[in-house]
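Residue numbers (my numbering): 2 to 305.
Backbone N, C-alpha and C define an ideal beta-carbon position, used for all residues, glycine too.
Predicted, not measured: the structure shown is a model, and the values here were computed from it.
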(Lines of atoms letter the chains of each structure in order from A and count residues from 1; the text may use other names and numbers.)
(Lines give C-alpha, C1' and ligand atoms only; values in the text may rest on other atoms or scores of the structure.)
Protein backbone atom coordinates (compact mmCIF):
# COMPACT_ATOMS: atom_id res chain seq x y z
CA UNK A 1 0.00 0.00 0.00
CA UNK A 2 1.27 3.48 -0.90
CA UNK A 3 1.10 5.73 2.17
CA UNK A 4 2.08 9.02 0.44
CA UNK A 5 -0.57 11.38 -0.94
CA UNK A 6 1.75 14.11 -2.23
CA UNK A 7 5.12 15.78 -1.78
CA UNK A 8 6.30 19.38 -1.92
CA UNK A 9 8.30 20.01 -4.08
CA UNK A 10 6.35 17.75 -6.45
CA UNK A 11 8.04 15.03 -8.48
CA UNK A 12 10.48 16.41 -11.10
CA UNK A 13 9.82 20.01 -10.08
CA UNK A 14 12.43 22.47 -11.38
CA UNK A 15 13.85 25.72 -10.03
CA UNK A 16 13.36 24.72 -6.41
CA UNK A 17 14.82 27.22 -3.94
CA UNK A 18 18.01 26.17 -2.20
CA UNK A 19 16.46 26.90 1.20
CA UNK A 20 13.31 24.88 0.44
CA UNK A 21 11.97 22.59 3.15
CA UNK A 22 10.43 19.31 1.95
CA UNK A 23 6.91 18.27 2.95
CA UNK A 24 5.56 14.73 2.60
CA UNK A 25 1.82 14.23 3.17
CA UNK A 26 0.36 10.82 4.00
CA UNK A 27 -3.07 9.25 3.53
CA UNK A 28 -2.90 7.59 6.95
CA UNK A 29 -1.27 8.06 10.35
CA UNK A 30 2.35 6.93 10.42
CA UNK A 31 4.07 5.23 13.36
CA UNK A 32 6.64 7.83 14.47
CA UNK A 33 9.01 5.15 15.68
CA UNK A 34 9.40 3.84 12.14
CA UNK A 35 10.61 7.22 10.87
CA UNK A 36 14.35 6.91 11.42
CA UNK A 37 17.41 8.41 9.72
CA UNK A 38 17.99 5.27 7.66
CA UNK A 39 14.43 5.35 6.29
CA UNK A 40 14.11 9.08 5.48
CA UNK A 41 16.81 10.06 3.00
CA UNK A 42 17.61 13.10 0.87
CA UNK A 43 20.05 12.01 -1.83
CA UNK A 44 22.14 14.31 -4.03
CA UNK A 45 22.02 12.53 -7.41
CA UNK A 46 24.40 15.01 -9.05
CA UNK A 47 27.20 14.39 -6.53
CA UNK A 48 26.02 10.90 -5.49
CA UNK A 49 25.89 11.50 -1.75
CA UNK A 50 23.30 11.75 1.02
CA UNK A 51 22.49 15.13 2.57
CA UNK A 52 22.42 15.77 6.31
CA UNK A 53 18.81 16.44 7.29
CA UNK A 54 16.49 16.93 10.25
CA UNK A 55 12.86 15.85 10.13
CA UNK A 56 9.71 15.91 12.22
CA UNK A 57 6.29 14.27 11.85
CA UNK A 58 2.87 15.52 12.95
CA UNK A 59 -0.70 15.13 11.69
CA UNK A 60 0.17 12.96 8.66
CA UNK A 61 2.85 15.42 7.55
CA UNK A 62 6.59 14.77 7.45
CA UNK A 63 8.74 17.92 7.31
CA UNK A 64 12.31 17.45 6.08
CA UNK A 65 14.79 20.29 6.57
CA UNK A 66 18.31 20.10 5.11
CA UNK A 67 20.84 21.18 7.76
CA UNK A 68 22.66 23.18 5.08
CA UNK A 69 21.32 24.99 2.05
CA UNK A 70 20.93 22.78 -0.98
CA UNK A 71 23.41 23.22 -3.82
CA UNK A 72 22.37 25.29 -6.81
CA UNK A 73 21.51 23.65 -10.13
CA UNK A 74 21.49 20.19 -8.55
CA UNK A 75 19.35 17.05 -8.96
CA UNK A 76 17.94 15.65 -5.68
CA UNK A 77 15.91 12.60 -4.72
CA UNK A 78 13.73 12.04 -1.65
CA UNK A 79 13.63 8.43 -0.46
CA UNK A 80 11.21 6.91 2.07
CA UNK A 81 12.14 3.29 2.66
CA UNK A 82 9.36 0.71 2.57
CA UNK A 83 9.26 -3.08 2.76
CA UNK A 84 9.43 -5.40 5.77
CA UNK A 85 11.84 -3.21 7.77
CA UNK A 86 10.51 0.05 6.36
CA UNK A 87 8.05 2.72 7.40
CA UNK A 88 4.86 1.52 9.12
CA UNK A 89 1.48 3.02 9.93
CA UNK A 90 0.07 3.13 13.48
CA UNK A 91 -1.56 -0.29 13.04
CA UNK A 92 1.76 -1.91 12.12
CA UNK A 93 1.17 -2.27 8.39
CA UNK A 94 4.31 -1.70 6.36
CA UNK A 95 4.59 0.59 3.35
CA UNK A 96 4.85 -2.05 0.63
CA UNK A 97 7.34 -0.20 -1.59
CA UNK A 98 9.84 2.58 -1.10
CA UNK A 99 8.70 6.05 -2.15
CA UNK A 100 10.90 8.27 -4.32
CA UNK A 101 10.46 11.82 -5.59
CA UNK A 102 12.99 13.96 -7.47
CA UNK A 103 13.47 17.69 -7.99
CA UNK A 104 16.00 20.19 -9.34
CA UNK A 105 17.26 23.29 -7.57
CA UNK A 106 17.50 26.70 -9.21
CA UNK A 107 20.61 28.65 -10.12
CA UNK A 108 19.38 31.97 -8.75
CA UNK A 109 20.03 32.94 -5.17
CA UNK A 110 17.10 32.90 -2.77
CA UNK A 111 15.84 35.25 -0.11
CA UNK A 112 16.48 34.24 3.48
CA UNK A 113 14.00 34.41 6.36
CA UNK A 114 14.65 36.88 9.18
CA UNK A 115 16.02 35.84 12.57
CA UNK A 116 13.52 36.43 15.37
CA UNK A 117 15.11 38.18 18.36
CA UNK A 118 12.05 38.84 20.54
CA UNK A 119 10.28 37.18 22.15
CA UNK A 120 12.61 34.30 22.84
CA UNK A 121 11.35 30.74 22.55
CA UNK A 122 9.34 29.34 25.50
CA UNK A 123 9.15 32.70 27.30
CA UNK A 124 6.25 33.66 29.60
CA UNK A 125 4.62 37.04 28.92
CA UNK A 126 2.02 38.95 30.91
CA UNK A 127 1.81 42.23 29.00
CA UNK A 128 1.64 43.36 25.40
CA UNK A 129 3.88 41.50 22.96
CA UNK A 130 6.21 43.09 20.41
CA UNK A 131 7.80 40.89 17.75
CA UNK A 132 11.30 41.85 16.61
CA UNK A 133 13.73 40.34 14.11
CA UNK A 134 16.97 41.06 12.30
CA UNK A 135 16.68 42.30 8.70
CA UNK A 136 17.01 39.87 5.82
CA UNK A 137 19.16 40.99 2.85
CA UNK A 138 16.99 41.72 -0.17
CA UNK A 139 13.73 41.78 1.79
CA UNK A 140 11.19 44.43 0.74
CA UNK A 141 8.87 43.59 3.62
CA UNK A 142 7.99 40.85 6.09
CA UNK A 143 4.97 38.72 6.96
CA UNK A 144 4.17 37.50 10.48
CA UNK A 145 1.67 34.88 11.66
CA UNK A 146 0.40 34.23 15.21
CA UNK A 147 -1.62 31.12 16.07
CA UNK A 148 -2.72 28.98 19.00
CA UNK A 149 -1.43 25.86 17.19
CA UNK A 150 1.92 24.97 15.64
CA UNK A 151 0.25 24.13 12.32
CA UNK A 152 -0.91 27.76 11.88
CA UNK A 153 -4.14 26.55 10.26
CA UNK A 154 -6.19 29.08 12.25
CA UNK A 155 -4.52 32.44 12.78
CA UNK A 156 -5.00 34.72 15.76
CA UNK A 157 -3.29 37.48 13.77
CA UNK A 158 -3.46 38.83 11.12
CA UNK A 159 -7.04 38.52 9.91
CA UNK A 160 -5.89 39.49 6.40
CA UNK A 161 -2.58 40.06 4.64
CA UNK A 162 -0.34 42.57 6.42
CA UNK A 163 2.94 43.78 4.94
CA UNK A 164 5.45 44.89 7.58
CA UNK A 165 8.14 47.23 6.27
CA UNK A 166 10.13 47.46 9.50
CA UNK A 167 11.79 44.82 11.69
CA UNK A 168 9.30 45.13 14.52
CA UNK A 169 5.54 44.89 14.93
CA UNK A 170 3.23 45.13 17.96
CA UNK A 171 -0.07 43.66 16.76
CA UNK A 172 -3.29 44.26 18.67
CA UNK A 173 -4.28 40.77 19.88
CA UNK A 174 -7.10 40.08 22.31
CA UNK A 175 -5.04 37.59 24.32
CA UNK A 176 -6.38 34.79 26.49
CA UNK A 177 -4.21 32.84 28.90
CA UNK A 178 -2.38 30.04 27.12
CA UNK A 179 0.27 29.02 24.59
CA UNK A 180 0.84 30.96 21.35
CA UNK A 181 3.05 30.39 18.30
CA UNK A 182 4.65 33.03 16.08
CA UNK A 183 6.65 32.81 12.84
CA UNK A 184 7.85 35.21 10.15
CA UNK A 185 9.17 35.24 6.60
CA UNK A 186 10.79 37.67 4.16
CA UNK A 187 9.41 38.84 0.82
CA UNK A 188 11.52 40.55 -1.85
CA UNK A 189 10.47 43.26 -4.30
CA UNK A 190 9.41 40.66 -6.90
CA UNK A 191 7.12 38.96 -4.38
CA UNK A 192 9.34 35.92 -3.86
CA UNK A 193 8.91 34.62 -0.32
CA UNK A 194 11.38 32.87 1.94
CA UNK A 195 10.34 29.88 3.98
CA UNK A 196 8.95 30.65 7.42
CA UNK A 197 11.20 30.80 10.45
CA UNK A 198 10.96 28.08 13.03
CA UNK A 199 7.92 28.84 15.18
CA UNK A 200 8.56 30.69 18.45
CA UNK A 201 6.41 29.53 21.38
CA UNK A 202 5.39 31.91 24.15
CA UNK A 203 2.98 31.56 27.03
CA UNK A 204 0.60 34.42 27.81
CA UNK A 205 -0.07 34.43 31.56
CA UNK A 206 -1.82 37.79 31.94
CA UNK A 207 -5.50 38.38 32.53
CA UNK A 208 -7.74 38.12 29.45
CA UNK A 209 -8.37 41.52 27.90
CA UNK A 210 -12.01 42.56 27.70
CA UNK A 211 -12.33 45.63 25.54
CA UNK A 212 -15.45 47.60 24.71
CA UNK A 213 -15.08 49.24 21.33
CA UNK A 214 -16.91 52.31 20.12
CA UNK A 215 -16.63 52.72 16.37
CA UNK A 216 -17.07 56.20 14.92
CA UNK A 217 -16.79 56.76 11.18
CA UNK A 218 -14.73 59.77 10.07
CA UNK A 219 -15.40 60.82 6.52
CA UNK A 220 -13.25 60.09 4.65
CA UNK A 221 -11.49 57.10 6.31
CA UNK A 222 -9.40 56.24 8.26
CA UNK A 223 -11.88 55.70 11.10
CA UNK A 224 -11.13 55.96 14.80
CA UNK A 225 -11.87 53.23 17.29
CA UNK A 226 -12.26 54.23 20.92
CA UNK A 227 -11.93 51.40 23.39
CA UNK A 228 -11.58 50.86 27.12
CA UNK A 229 -9.26 48.45 28.87
CA UNK A 230 -8.69 47.43 32.47
CA UNK A 231 -4.96 46.95 31.90
CA UNK A 232 -2.85 50.09 32.24
CA UNK A 233 0.02 50.29 29.77
CA UNK A 234 2.96 52.30 31.10
CA UNK A 235 5.27 54.64 29.19
CA UNK A 236 2.56 55.86 26.80
CA UNK A 237 2.38 59.58 25.99
CA UNK A 238 -1.18 61.01 26.50
CA UNK A 239 -2.78 63.21 23.90
CA UNK A 240 -3.71 65.98 26.28
CA UNK A 241 -6.35 67.84 24.31
CA UNK A 242 -8.38 64.76 23.42
CA UNK A 243 -7.96 63.36 26.91
CA UNK A 244 -9.23 66.57 28.50
CA UNK A 245 -12.34 66.50 26.31
CA UNK A 246 -13.42 63.15 27.71
CA UNK A 247 -12.45 64.10 31.26
CA UNK A 248 -14.92 66.97 31.03
CA UNK A 249 -17.67 64.46 30.23
CA UNK A 250 -17.03 62.42 33.40
CA UNK A 251 -18.24 62.80 36.95
CA UNK A 252 -16.00 64.44 39.54
CA UNK A 253 -14.95 61.12 41.12
CA UNK A 254 -13.64 59.69 37.85
CA UNK A 255 -11.90 62.79 36.51
CA UNK A 256 -8.73 62.45 38.57
CA UNK A 257 -7.85 58.95 37.35
CA UNK A 258 -9.13 59.05 33.75
CA UNK A 259 -6.45 58.96 31.09
CA UNK A 260 -5.48 57.65 27.67
CA UNK A 261 -3.22 54.62 28.08
CA UNK A 262 -2.38 53.66 24.52
CA UNK A 263 -2.73 54.67 20.89
CA UNK A 264 -2.21 52.63 17.76
CA UNK A 265 -0.28 53.69 15.72
CA UNK A 266 2.01 54.81 18.54
CA UNK A 267 2.33 58.51 19.36
CA UNK A 268 4.83 60.09 16.93
CA UNK A 269 5.14 56.81 15.04
CA UNK A 270 6.90 56.97 11.67
CA UNK A 271 7.17 54.89 8.49
CA UNK A 272 3.63 53.56 8.84
CA UNK A 273 2.18 51.33 6.11
CA UNK A 274 -0.08 52.96 3.53
CA UNK A 275 -2.78 50.33 4.04
CA UNK A 276 -3.10 51.23 7.73
CA UNK A 277 -6.70 52.50 7.83
CA UNK A 278 -7.43 52.15 11.51
CA UNK A 279 -6.54 54.28 14.53
CA UNK A 280 -7.14 52.79 17.98
CA UNK A 281 -7.25 54.83 21.20
CA UNK A 282 -7.35 52.95 24.51
CA UNK A 283 -8.62 54.49 27.77
CA UNK A 284 -8.52 53.14 31.32
CA UNK A 285 -12.23 53.83 31.92
CA UNK A 286 -15.52 53.63 30.07
CA UNK A 287 -16.40 56.71 28.04
CA UNK A 288 -19.75 58.10 26.97
CA UNK A 289 -20.33 57.19 23.29
CA UNK A 290 -22.35 60.37 22.84
CA UNK A 291 -19.25 62.42 23.65
CA UNK A 292 -17.48 61.05 20.57
CA UNK A 293 -18.03 63.35 17.60
CA UNK A 294 -16.18 64.67 14.57
CA UNK A 295 -15.65 67.95 16.44
CA UNK A 296 -13.85 66.16 19.30
CA UNK A 297 -12.03 63.42 17.36
CA UNK A 298 -10.52 64.09 13.95
CA UNK A 299 -7.43 63.33 11.86
CA UNK A 300 -5.02 66.00 10.66
CA UNK A 301 -2.77 65.29 7.68
CA UNK A 302 0.56 67.08 7.32
CA UNK A 303 2.92 66.38 4.44
CA UNK A 304 6.67 66.30 5.05
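(message) If contact is defined by three or more beta carbon pairs under 8 angstroms, each pair taking one atom from either stretch, is the stretch 117-129 in contact with the stretch 84-102?
(response) no
(request) Using a Cβ-Cβ cut-off of 8 angstroms, state whether residue 291 counts as contacting chain C. (result) Protein chain content of the structure displayed is limited to a single chain, and chain C is not contained in it.
(request) State the start and end residues of the unbroken beta strand (DSSP E) segment that holds residue 182. (result) Against the chain shown, residue 182 aligns to sequence position 181. It spans 179-188 - the beta strand (DSSP E) in which residue 182 sits, taken as one unbroken run.
(request) Mind checking which residues open and close the beta strand (DSSP E) that includes residue 24? (result) For this step, residue 24 is matched to residue 23 along the chain shown. Here the beta strand (DSSP E) through residue 24 covers 23-27.
(message) Just to confirm my understanding: we take residue 71, look at its own chain, exclude 5 residues before and 5 after, and list those with CB closer than 6 angstroms. What are they?
(response) Position 70 of the chain shown holds residue 71. These residues qualify, in order along the chain: 19, 106.
(request) Quick one: grab the DSSP three-state call for residue 148. (result) The residue labelled residue 148 in the question sits at position 147 within the chain shown. Residue 148 falls in the strand class under three-state DSSP.
(request) Specify the secondary structure class of residue 89 as computed by DSSP and reduced to three states. (result) Looking up residue 89 in the chain shown gives position 88. Strand at residue 89.
(request) Spatial neighbours of residue 113 within its chain, please: CB distance less than 6 angstroms, with the 5 preceding and 5 following residues excluded, ordered by chain position. (result) Taking the chain shown and counting its residues from 1, the one referred to as residue 113 is at position 112. Cβ within range, chain order: 137, 195.
(message) Please return the same chain residues whose Cβ sits closer than 6 angstroms to the Cβ of residue 34, not counting the five positions on each side in sequence.
(response) Taking the chain shown and counting its residues from 1, one reaches residue 34 at position 33. Here residue 34 has no same chain residue with a Cβ atom under 6 angstroms from its own Cβ, once five neighbours each way along the sequence are excluded.
(request) Give the DSSP-derived three-state secondary structure of residue 69 in the structure shown. (result) For this step, residue 69 is matched to residue 68 along the chain shown. Note: residue 69 maps to coil in three-state DSSP.
(message) Do residue 56 and residue 63 have their beta-carbon atoms positioned less than 8 angstroms apart in this structure?
(response) As a working note, residue 63 is residue 62 in the chain shown. As a working note, residue 56 is residue 55 in the chain shown. Yes, the Cβ-Cβ distance between residue 63 and residue 56 is below 8 angstroms.
(request) Return the residue from the list 163, 129, 100, 27 that minimises the CA-CA distance to residue 91. (result) Taking the first residue of the chain shown as 1, we reach residue 91 at position 90. Nearest of 163, 129, 100, 27 to residue 91, Cα basis: 27.
(request) Using alpha carbons as the reference points, say which of 96, 15, 24 lies closest to residue 8. (result) Residue numbering aside, residue 8 sits at position 7 when the chain shown is read from its first letter. Checking every option, the nearest Cα to that of residue 8 belongs to 24.
(request) Identify which residue in 50, 73, 193, 81 has its Cα closest to the Cα of residue 65. (result) Position 64 of the chain shown holds residue 65. Closest by alpha carbon: 81.
(message) Do residue 157 and residue 104 count as a contact pair if the criterion is CB distance below 8 angstroms?
(response) The residue you call residue 104 lines up with position 103 of the chain shown. The residue you call residue 157 lines up with position 156 of the chain shown. Their beta carbons are not under 8 angstroms apart, which means residue 104 does not touch residue 157 by this criterion.
(request) Take the Cβ of residue 73 as the centre, count every other Cβ of all protein chains shown within 10 Å, and call the residue buried at 16 or more, exposed below. (result) Position 72 of the chain shown, counting from 1, holds the residue named residue 73. Per the 10 Å Cβ criterion, exposed.
(request) Would you identify the three-state DSSP class for residue 75, choosing helix, strand or coil? (result) The residue given as residue 75 occupies position 74 in the chain shown. Looking at residue 75 - three-state DSSP - the assignment turns out to be coil, as it is neither helix nor strand.
(request) Indicate whether residue 182 and residue 148 have their beta-carbon atoms separated by less than 8 angstroms. (result) Indexing the chain shown from 1 puts residue 182 at position 181. Indexing the chain shown from 1 puts residue 148 at position 147. Cβ atoms of residue 182 and residue 148: closer than 8 angstroms.
(message) Can you tell me whether residue 158 sits near the ligand FAD, meaning its C-beta is under 7 angstroms from at least one heavy atom of the ligand?
(response) This structure lacks the ligand FAD, and indeed carries no ligand of any kind.
(message) So the candidates are 133, 167, 127; which of them puts its Cα closest to the Cα of residue 175?
(response) In the chain shown, counting from the first residue as 1, residue 175 sits at position 174. Of 133, 167, 127, the residue nearest in Cα terms is 127.
(request) Determine the extent of the beta strand (DSSP E) in which residue 16 is found, giving its start and end residues. (result) To locate residue 16, count along the chain shown from 1; it is residue 15. Element bounds for residue 16: 14-17.
(request) Out of 10, 263, 294, 300, point me to the one whose CA is closest to residue 286's CA. (result) On the chain shown, residue 286 is found 285 positions in, with the first residue counted as 1. Nearest C-alpha to residue 286: 263.
(request) Would you grab the beta carbon distance between residue 200 and residue 186 for me? Rounded to a whole angstrom, and I think it's under 8 angstroms. (result) Position 199 of the chain shown, counted from the start, is the residue given in the question as residue 200. Position 185 of the chain shown, counted from the start, is the residue given in the question as residue 186. Going by Cβ atoms, the distance from residue 200 to residue 186 rounds to 12 angstroms, so no, they are not a contact pair.
(message) Quick check: what's the CA-CA separation for residue 191 versus residue 292?
(response) Along the chain shown, one-based indexing puts residue 191 at 190. Along the chain shown, one-based indexing puts residue 292 at 291. Answer to the nearest angstrom: the Cα atoms are 47 angstroms apart.
(message) Less than 8 angstroms between the C-beta atoms of residue 134 and residue 118, yes or no?
(response) Within the chain shown, the letter at position 133 stands for residue 134. Within the chain shown, the letter at position 117 stands for residue 118. Contact flag set, yes.
(request) State the Cα-Cα distance for the pair residue 193 and residue 170, rounded to the nearest angstrom. (result) The residue labelled residue 193 in the question sits at position 192 within the chain shown. The residue labelled residue 170 in the question sits at position 169 within the chain shown. Between residue 193 and residue 170, the C-alpha separation is close to 21 angstroms.
(request) Look up residue 55 in the DSSP assignment and give the residues it is bridged to. (result) Along the chain shown, one-based indexing puts residue 55 at 54. The partner list for residue 55 (beta bridge, DSSP) reads 66.
(request) Could you check what DSSP says for residue 8 in three-state terms: helix, strand or coil? (result) Indexing the chain shown from 1 puts residue 8 at position 7. Note: residue 8 maps to strand in three-state DSSP.
(request) For residue 58, collect the residues of the same chain with a Cβ closer than 8 angstroms to its Cβ; drop the 5 residues on either side in sequence, then sort them by chain order. (result) Translated into the one-based positions of the chain shown, residue 58 becomes position 57. The residues are 31, 33, 36, 64.
(request) Would you give the residue range spanned by the beta strand (DSSP E) that residue 117 belongs to? (result) Indexing the chain shown from 1 puts residue 117 at position 116. Run containing residue 117: 116-119, per the beta strand (DSSP E) assignment.
(request) Starting from residue 43, trace the beta strand (DSSP E) both ways and give me its first and last residue. (result) For the purposes of this step, residue 43 is taken as the residue at position 42 of the chain shown. Note, residue 43: beta strand (DSSP E), 41-45.
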